[in-house]
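Undergrad: Got a structure for you, questions after.
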Amino acid sequence: MGSLLIINLFLFNISSPIVITEVMANPKGISGANNPEDRNEFVELYNISFEPVNIKNYRITDFDATDIIIPWTDSLILVNYPNVIINESIIPPQSYAIILDPEYTSSNATGGQVQPYHFPDNLIIFTVGNTTIGDELATNDPILIYSLQSDSSSFGTPFQDDGFPPIDYGSTYDGKSWERITPWAEDTIGNWFRSIDSSGSTPGYENSVTSYYDLAINSISLSPPIILLNSSTTVAIALANIGYQPADYWSLVVFDDKNNNAIEDTDERLYFQFGFPFLPNHDTIIRFIWDSIAVGQHTIWAIINFAEDRQLNNNKLSKTINVSAVDSSDNNLLIVKNIFSPDNDGIDDSLFIQYNFSEPKGKLNITIFDINGRKIRNLLNEKIYDKTGIVSWDGKRDNGQLAPIGIYVIYLEYKTTKSTITKKTTAILAKKLN
Numbered sequence: 008m009g010s011l012l013i014i015n016l017f018l019f020n021i022s023s024p025i026v027i028t029e030v031m032a033n034p035k036g037i038s039g040a041n042n043p044e045d046r047n048e049f050v051e052l053y054n055i056s057f058e059p060v061n062i063k064n065y066r067i068t069d070f071d072a073t074d075i076i077i078p079w080t081d082s083l084i085l086v087n088y089p090n091v092i093i094n095e096s097i098i099p100p101q102s103y104a105i106i107l108d109p110e111y112t113s114s115n116a117t118g119g120q121v122q123p124y125h126f127p128d129n130l131i132i133f134t135v136g137n138t139t140i141g142d143e144l145a146t147n148d149p150i151l152i153y154s155l156q157s158d159s160s161s162f163g164t165p166f167q168d169d170g171f172p173p174i175d176y177g178s179t180y181d182g183k184s185w186e187r188i189t190p191w192a193e194d195t196i197g198n199w200f201r202s203i204d205s206s207g208s209t210p211g212y213e214n215s216v217t218s219y220y221d222l223a224i225n226s227i228s229l230s231p232p233i234i235l236l237n238s239s240t241t242v243a244i245a246l247a248n249i250g251y252q253p254a255d256y257w258s259l260v261v262f263d264d265k266n267n268n269a270i271e272d273t274d275e276r277l278y279f280q281f282g283f284p285f286l287p288n289h290d291t292i293i294r295f296i297w298d299s300i301a302v303g304q305h306t307i308w309a310i311i312n313f314a315e316d317r318q319l320n321n322n323k324l325s326k327t328i329n330v331s332a333v334d335s336s337d338n339n340l341l342i343v344k345n346i347f348s349p350d351n352d353g354i355d356d357s358l359f360i361q362y363n364f365s366e367p368k369g370k371l372n373i374t375i376f377d378i379n380g381r382k383i384r385n386l387l388n389e390k391i392y393d394k395t396g397i398v399s400w401d402g403k404r405d406n407g408q409l410a411p412i413g414i415y416v417i418y419l420e421y422k423t424t425k426s427t428i429t430k431k432t433t434a435i436l437a438k439k440l441n
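Now the structure itself:
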């Protein structure tokens, strides 16, 4: 009859106000009679409803054995936990309870880890009418609790062939519980995570992953990557929610740190965004246009303000850019910072060459020569349709090999039906200083 009841619960997708919210199947320590793994298993329950629930005659099964959940009656537990509640079968609304192994307070305890958990006041303690929970929880056991009234809650997606929970080999996860991320969400792989609490579990408390909020700024990028004089750039801020809960009521501020104090001061703000609902394991890019940028060095700061964030060291990021006017007397050919180091470190890896002409639709040839006049790279040799643009050199020769450190000549020739313009300037391919 019990098996038929379990199958019917699954087929009709019947839920319960009592939810399994945490499972410790791999307690810290060794297994065997009277040892920690034999006595320190627990299953945490939570009443998600607004009414008290009596779980008298509820069952728990690990699909190897089935037990009746009963109130804890051994007053010995009050020695270490004087304010927990025993001899009680009712779980108040929005409250936690815990099912302990009957031998948790055993006087024959060996192997250390004796009554290792810290329980909050008024936590309701249950146990089972057998010597262990199920036939002793294996790390890959799914669990189901159910009542004769067909209420049920599960851990480990027992009716899906998905290998969850996995078998734990070795001691990598010794003493770490599985915590339900969102109590009112379904029993799916994505709704469980190993406890990130320093103790390895949170019996009777809000789960460590339930309250873990973490927004991060991954990158700041510009498009185009360098700033054209008298033009604008699009700033892109890449954000990610790497916590375990949706984030609301956050904001993003971006500012040009003119006095280099890493704090937003008057007249420095470039952009502000009120937060939108941000789901966990998602990322987004916020873009805005920055124009009227002054010549010189700029440090852009992006900062997330989020009161519930648990990890603040990834909430801010800066990026330094240079708006240079090298060779500014020659408006046809500009080198935006004429020293570069193509070492793939993300800083000055390319030489950016800006051209400006009075008329479009000419043929543009840009060639790189070494200091001895030998051609190194033909960057561009084609008709252009815009009179202003940027070409970049990654420091490589035409054969794909990186050119050696040294001084290089950039030669420009621009032909239209009316005229031919030729210009040249120099740049330095350098090695990054350690």
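Residue numbers (the working numbering): 8 to 441. Just so it is clear, CB atoms sit at the ideal spot from N, CA and C, and this is done for glycine as well. Only a predicted model underlies this, so the values are computations on that prediction, with no experimental measurement involved.
(1) Cutting at 6 Å between CB atoms, please list the residues of its own chain near tyrosine 278, excluding the five before and the five after it.
(2) Give every residue of the same chain whose Cβ lies closer than 7 Å to the Cβ of threonine 432, excluding the five residues on either side of it in the sequence, and list them in chain order.
(3) According to DSSP, is asparagine 329 part of a helix, a strand, or is it coil?
(4) By how many angstroms is the C-alpha of alanine 223 removed from the C-alpha of isoleucine 391?
(5) Measuring only the C-alpha atoms, how far is lysine 370 from phenylalanine 359?
(6) Is it the case that the stretch 146 to 165 contacts the stretch 129 to 136, given that we only count it when at least three CB pairs across the two stretches are under 8 Å?
(7) Is the distance from the Cβ of serine 4 to the Cβ of valine 26 below 8 Å?
(8) Going by beta-carbon coordinates alone, are asparagine 90 and threonine 80 separated by less than 8 Å?
(9) Distance check for glutamine 280 and aspartate 352, CA to CA, integer angstroms please.
(10) Give the range of the beta strand (DSSP E) segment to which arginine 522 is assigned.
(11) Does DSSP classify glutamate 420 as helix, strand or coil?
(12) If you draw a straight line from the C-alpha of tyrosine 219 to the C-alpha of threonine 138, how long is it?
(13) State the Cα-Cα distance for the pair aspartate 401 and proline 411, rounded to the nearest angstrom.
(14) Entirely within the stretch 86 to 161 and at least 3 residues each: give me those beta strand (DSSP E) ranges in chain order.
(15) Would you please verify whether the beta carbon of aspartate 272 is less than 8 Å from any beta carbon of chain C?
(16) Short check: CB of valine 398 to CB of isoleucine 375, under 8 Å?
(17) Is it right to say isoleucine 152 is buried, meaning 16 or more other beta carbons lie within 10 angstroms of its own, or is it exposed?
(18) Could you tell me the boundaries of the beta strand (DSSP E) in which arginine 276 lies?
(19) Based on the DSSP output, what are the partners of arginine 404 in its beta bridges?
(20) Three-state secondary structure (DSSP) at arginine 46?
(21) Using the Cα positions of alanine 245 and glutamine 318, report the straight-line distance between them to the nearest angstrom.
(22) Hey, which unbroken runs of the beta strand (DSSP E) at 3 residues or more fall wholly within the stretch 203 to 251?
(23) In its own chain, which residues sit with a C-beta less than 8 Å from the C-beta of isoleucine 92, not counting the 5 before and 5 after it?
(24) Could you tell me whether the Cβ atoms of phenylalanine 142 and glutamate 48 are closer together than 8 Å?
TA: Let's see:
(1) Around tyrosine 278: Val261 and Phe295.
(2) Asp334, Leu340, Ile342 and Ile417
(3) strand
(4) The straight-line gap from Cα to Cα measures roughly 41 Å.
(5) 19 Å
(6) no
(7) Because residue 4 is not part of the residues shown, which for the chain are 8 to 441, the question remains open.
(8) no
(9) 30 Å
(10) Here the chain comprises residues numbered 8 to 441, so residue 522 is not present and cannot be evaluated.
(11) Taken through DSSP and simplified to helix, strand or coil, glutamate 420 comes out as strand.
(12) 35 Å
(13) When rounded, the distance between both Cα atoms is 12 Å.
(14) 103 to 107, 131 to 135 and 150 to 153
(15) Absent here is chain C; the protein component of the structure consists of one chain.
(16) In this structure, isoleucine 375 does not lie closer than 8 Å to valine 398 by Cβ.
(17) Buried, since its Cβ has 16 or more Cβ neighbours within 10 Å.
(18) 276 to 281
(19) According to DSSP, arginine 404 bridges with nothing at all.
(20) helix
(21) Looking at the backbone, the Cα of alanine 245 and that of glutamine 318 are separated by about 17 Å.
(22) Taking only runs of at least 3 residues, the beta strand (DSSP E) segments lying wholly in the stretch 203 to 251 are 222 to 230 and 240 to 248.
(23) Asn129, Leu130, Ile131 and Ile132
(24) The displayed chain sequence assigns aspartate, not phenylalanine, to residue 142. No; because the gap between Cβ atoms is not below 8 Å, this pair is not in contact.
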